[in-house]
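FYI, the numbering for the sequence shown is 232 to 385, going by our numbering. Beta carbons: idealized from backbone N, C-alpha and C, even for Gly. If you're wondering where the values come from, they're calculated on a predicted model, not measured in any experiment.
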Amino acid sequence: MELVSMLGDALSGGLFGLIGNVASKAVGVFEAREIFAQKKEEWGHEERMADMAMKAKAAEAADMRASTAASGSWTGLCESLKAEGAIGVSYPWVNAVRALVRPVLTVGLCGFLSAAFFALPATDAARGEISGSLVFAAVTAVVWWFGDRAKAKA
């Protein structure tokens, strides 16, 4: 009976992890749509601002000195944007911390449940529940963790 219970915990943990993985993918799709909508609005604003800047520059084109100054300013802005685009998405230590969050949480959860397991007397009925929780949590974490790490589509 203990083996059947353990297998049931493992299967339900895997199923729960799969559901969590699917839910996080669905949330990711929603977030991507929201980010795209926001970017689209930003691009529209930038386009309107660029149109306004072009109209202002056309009005100043009569004066050669003003035109030259505006041209130099525009070139500086383009170079500034190029330099800013060359900067990476994030600092390496931020990526390292981000990569360690799930493993640390997984080990922490298992450590907490293991400490609770060994703190109870061997005859306590709750010890069986905790062992089931350990299996459930471990399988859920592994399925969810590795499910999210699937290769992104190119």
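Residue nearest to residue 347 in terms of C-alpha spacing, selected from 334, 336, 354 and 362: To locate residue 347, count along the sequence shown from 1; it is residue 116. It is 362 whose Cα lies nearest to the Cα of residue 347.
First and last residue of the uninterrupted alpha helix (DSSP H) at residue 321: Along the sequence shown, read from residue 1 onward, the residue named residue 321 stands at position 90. That residue, residue 321, is in no alpha helix (DSSP H); it is neither H nor E in DSSP.
Cβ shell of residue 236 (< 7 Å), same chain only, five flanking positions each side left out: Numbered from 1 along the sequence shown, position 5 holds the residue referred to as residue 236. For residue 236, where only same-chain residues beyond five positions count, the Cβ hits under 7 Å are 363.
Local conformation of residue 354 per DSSP, three classes: Reading the sequence shown from its first residue, position 123 is the one you call residue 354. Residue 354 falls in the coil class under three-state DSSP.
Integer Cβ distance of residue 259 from residue 374, believed to fall under 8 Å: For the purposes of this step, residue 259 is identified with residue 28 of the sequence shown, where counting begins at 1. For the purposes of this step, residue 374 is identified with residue 143 of the sequence shown, where counting begins at 1. No, residue 259 and residue 374 are not in contact; Cβ-Cβ is about 17 Å, not under 8 Å.
Buried versus exposed, by CB contacts within 10 Å (16 or more), residue 355: Mapped onto the sequence shown, residue 355 falls at position 124. Looking at its Cβ environment, which holds fewer than 16 other Cβ atoms inside 10 Å, residue 355 is exposed.
For residue 292, three-class secondary structure by DSSP: As a working note, residue 292 is residue 61 in the sequence shown. Of the three classes helix, strand and coil, the one that applies to residue 292 here is coil, per DSSP.
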